[in-house]
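Let me begin by presenting the structure, written as structure tokens, before commenting on it.
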Amino acid sequence: MFDVAIIGCGPVGAFAANLLGKAGVSVLVIEQEAHPYPLPRAVHLDHEMMRLFQSAGVIDRVAPDMRDTEGHLHVGADHGVIRYMGTVGRARPFSWSNDYFFYQPELEDHLRDALADYANVTVQLGVAFEGLEQGEDAVTLRLSGGRSEQARYVIACDGARSAVRKALDIRLDDLDFEEPWLVVDAEVDGAVRFPDLWGVPEAANLQKLSVMMCDPKRPATIVPGRGNHRRWEFMLLPGEDDRAMMEPQSVAALVEPYLSGVPHKVVRAATYRFHGLIAERWRQGGVFLAGDAAHQTPPFFGQGMCHGLRDAANLAWKLELVLKGQAPDALLDSYQPERDPHVRAVISAAVGAGRYICMLDPEAAAERDAKMREAAKGAQHGTAADLIPAIATGIVATGTPGAGERFIQPRVGDRLLDDVTGGGWRLFTSAPVEGGDIAVIDIATLDDQGAIAAWLADRNADAVLIRPDHYVFGTGKASDLVACRAALIAGVTHQEIAA
């Protein structure tokens with residue numbers, strides 16, 4: 090019997106298998122396709138994902154194929170800028186760039202290849218999930234060819250049409266957003282043109298931004314990919330036929346304003362329905378939903394795959410503790426309460442952006458543009474990464490300054506913090522304390538130019554305890570944090586700790 094079975098070996102499933110493989114638990118990965126899907130799908134991730142790739146030991150494999158970019162630009166009906174979420178000149182507290190673009194088949198290859206490093210990870214390709222039965226201590230998977238396997242826990246990473254979710258009869262909460270779009274991927278040998286734009290910030294490089302054209306004549310998004318890969322997403326207008334819009338002549342007419350005179354080759358054109366959906370339950374017995382099986386996010390801030398990788402990171406350290414007998418099974422009940430608010434906040438923001446991007450009434454669009462420009466006057470522009478809220482419940486010391494935030498990753502000399510201190514639970518403090526299985530790091534010994542000391546000073550705290558997924562457990566007195574963490578993992582409630 091395996092410790093964990095993962096259904097689906099796309100980016101989320103393969104990433105989860107790498108994390109768990111590195112943790113030393115036995116993992117079975119089931120994937121019905123023998124080879125990764127050969128065409129691009131997801132294209133964007135952010136600094137947090139690069140840090141998670143560090144944690145999984147795969148950063149050196151994936152980073153060379155990433156293209157860092159400079160944020161997002163929203164353009165109104167009159168082709169003037171209405172919202173800028175740029176990153177040029179902004180501090181990088183996590184060291185990585187805010188935005189990266191990639192080519193999904195390459196990323197999947199890298200993550201799958203990395204699994205060969207782990208003798209405790211078994212990958213079965215070309216094997217389909219057909220059903221499951223749950224017992225008291227194990228889940229039995231029924232697989233194609235009449236085969237079966239057992240695992241103590243199962244993570245379903247099998248996509249938006251998840252067969253596991255359907256087998257468990259878990260419903261989706263519909264956030265009331267569904268719009269038809271045509272996605273066009275092309276190899277482009279030259280700069281993409283953006284005719285007639287005005288109000289573009291001086292620091293903005295249009296070739297390194299996601300540009301949302303909020304034009305009621307045809308809302309569209311233009312995305313910079315890695316290398317010479319570029320993507321367009323065009324909203325289908327009422328009455329347009331999916332199949333007709335995918336025809337080469339229709340696609341050529343849509344991209345012509347951006348690529349006139351620029352050598353290019355269209356590699357894919359496909360229609361999608363952009364949804365906002367969240368599963369009502371992310372755990373049923375020993376089975377967990379992750380990635381698109383648990384939630385589907387409109388793509389307007391490029392957070393869909395990021396959500397899935399965060400799911401895997403959240404589950405992995407908890408499963409490791411439970412499987413090694415260091416925490417009760419109830420620890421895993423914190424998965425959905427911690428992750429659902431993250432996903433819901435970003436989906437809500439993406440749906441909100443989608444509603445104004447997809448506005449087709451010219452008068453309403455002009456009014457929208459005026460309001461957004463007025464609101465932007467004198468305001469500090471944010472980034473898509475700023476949409477992620479702090480974890481407000483679960484395994485965090487609620488009420489302490491900074492609890493639930495993503496912790497910074499400064500450079501320590503010429504290396505990154507996590508590469509110097511290692512992963513897992515880390516307590517940064519200058520006070521002597523017994524941490525048990527927590528790594529205690531004296532901040533005075535770190536050549537980080539005072540970054541962590543400054544972070545603590547801003548929160549008037551002496552110490553900070555960091556979770557394995559790089560979220561702040563809490564701040565305060567070092568010994569109190571160690572005790573609070575032990576209590577929460579053991580199943581003591583926040584109310585009982587406060588009492």
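Under the numbering used here, the first residue of the sequence shown is numbered 90, with each subsequent residue one higher.
Every residue, glycine too, gets a C-beta built ideally from N, C-alpha and C.
Keep in mind that this is a model prediction, so the values were computed, not measured.
- With contacts defined by Cβ atoms closer than 8 Å, residue 371 and residue 359 do not form a contacting pair.
- Rounded to the nearest angstrom, the Cβ distance from residue 188 to residue 157 is 7 Å, consistent with a contact under 8 Å.
- Using a Cβ-Cβ distance cut-off of 8 Å, the stretch 533 to 548 and the stretch 443 to 459 are not in contact, since fewer than three pairs of beta carbons, one from each stretch, lie closer than that value.
- Taking a 10 Å sphere around the C-beta of residue 124, we find fewer than 16 other C-beta atoms and assign the residue as exposed.
- Residue 169 is bridged by DSSP to 287.
- According to the DSSP secondary-structure assignment, residue 313 is paired through a beta bridge with 319.
- Residue 144 carries a helical assignment under DSSP once its states are collapsed to helix, strand and coil.
- DSSP, reduced to helix, strand and coil, places residue 369 outside both helices and strands of the structure shown, so it counts as coil.
- Here residue 498 has 140, 182, 183, 184, 185, 505, 506, 507, 559 as same chain residues with Cβ atoms under 8 Å from its own Cβ, once five neighbours each way along the sequence are excluded.
- Beta bridge pairing from DSSP links residue 269 with 362.
- Our two residues, residue 276 and residue 351, have alpha carbons roughly 11 Å apart in a direct line.
- Minimum Cα-Cα distance from residue 546 among the listed residues 580, 490, 576 corresponds to 490.
- The Cβ neighbour count for residue 176, taken over all protein chains shown within 10 Å, is at least 16; the residue is labelled buried.
- Per the Cβ contact rule, the stretch 418 to 427 is not in contact with the stretch 303 to 310 (fewer than 3 Cβ pairs under 8 Å).
- One thing to note: residue 132 has its Cβ no nearer than 8 Å to the Cβ of residue 362.
- DSSP places residue 134 inside the beta strand (DSSP E), whose first and last residues are 133 to 135.
- A straight-line Cα-Cα distance of about 7 Å links residue 285 and residue 168.
- The Cβ atoms of residue 331 and residue 387 lie no closer than 8 Å to each other.
- The Cβ-Cβ distance between residue 118 and residue 253 does not fall below 8 Å.
- By the C-beta criterion, the stretch 395 to 404 is judged not to be in contact with the stretch 334 to 349, since fewer than 3 inter-stretch pairs fall below 8 Å.
- The three-state reading of DSSP puts residue 95 in strand, counting E and B together.
- Residue state for residue 448 is assigned as coil, using DSSP reduced to three classes.
- Separation of residue 219 and residue 294 (C-alpha to C-alpha, rounded to the nearest whole angstrom) is 49 Å.
- DSSP places residue 530 in no alpha helix (DSSP H) but in the uninterrupted beta strand (DSSP E) bounded by 528 to 531.
- Put simply, of 452, 576, 439 the residue whose alpha carbon is nearest the alpha carbon of residue 483 is 576.
- Sequence-distant partners of residue 201 (beyond 5 residues in either direction) whose C-beta falls short of 8 Å from its own C-beta, in its chain, are 98, 103, 125, 212.
- CA-to-CA, the gap between residue 334 and residue 357 works out to about 12 Å.
- Cβ-Cβ separation between residue 166 and residue 442: approximately 15 Å, too far for a contact (criterion under 8 Å).
- Going by C-alpha positions, residue 94 is about 45 Å away from residue 164.
- Under the three-state reduction of DSSP, residue 496 is assigned to coil, being neither helix nor strand.
- DSSP, read as helix, strand or coil, puts residue 392 in coil.
- DSSP, read as helix, strand or coil, puts residue 380 in helix.
- When DSSP states are grouped into helix, strand and coil, residue 564 belongs to the strand group.
- Per DSSP, the beta-bridge partners of residue 120 are 214.
- At a Cβ-Cβ threshold of 8 Å, residue 134 and residue 394 count as neighbours.
- In the DSSP assignment, residue 344 falls outside any beta strand (DSSP E) and within the unbroken alpha helix (DSSP H) covering 337 to 348.
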